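Worksheet for the structure shown next.
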Amino acid sequence: PMEWVDPFGLTKSVCSPGKNRRQALNEAKDQAGIPRSQQPDRQWTVGNDPKRQGQTNYKYSDDLASHGRYYEYTDAYGHKKVVLEHTADPRAPYSHAHAGKAKAGADPRTYDFKENRYQKIINPATNDHHIYYE
């Protein structure tokens, strides 16, 4: 396990997410308005393995921050949402999950998250989109 220390000394102690992977993914589903029991419509992995490039459930990317698992759902209004987990984001202190929706002006019923970047869903309680886990 990795520990993160606030480089600016703004926190009182070492930060710990206090959640496991399942709890983080469930919280992301909650933020996206997706029932926890709902199965994804489709899922894929983003990574930089050239041997997997072109596979149906794989998207090649050199951007390490985008690597991880993506799960696409349809909410009760017919809008597509994405729940994802990043396990090796070099800019984040821990593995994390978060939720996304179609970008403003795009049709949320036909939006393709595998081809287009998502708009982050911010948690108003934390003012952050990350849900860290250990």
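Take 350 as the starting number for the sequence shown in my numbering and just add one per residue. A virtual CB, placed ideally from N, CA and C, is assigned to each residue, including glycine. All values derive from a computational prediction rather than experimental measurement.
Fully contained in the stretch 390 to 434 is no alpha helix (DSSP H) run of length 4 or more. By the Cβ neighbour-count rule, Lys429 is buried, with 16 or more other Cβ atoms within 10 Å of its own. Shown here, Asp477 sits in a strand according to DSSP, grouped into three states.
Linking Asn369 to Tyr482 through their CA atoms gives a straight-line distance of about 5 Å. Note that the C-beta distance between Pro389 and Glu434 is not below 8 Å.
Phe462 sits close to Tyr419, with the two beta carbons spaced by under 8 Å. Burial state of Gln404 is exposed, judged by a 10 Å Cβ sphere holding fewer than 16 other Cβ atoms. A straight line joining the alpha-carbon of Pro442 with that of Ser415 spans about 15 Å. One thing to note: Ala448 has its Cβ within 8 Å of the Cβ of Ala377. Under DSSP, Asn472 takes part in a beta bridge, and its partners are Asp477.
Looking at the DSSP output, Ala373 shares a beta bridge with no other residue.
Lys463 sits in coil when the DSSP states are folded into three classes, being neither helix nor strand. For Lys450, DSSP records a beta bridge to Lys430, Gln468.
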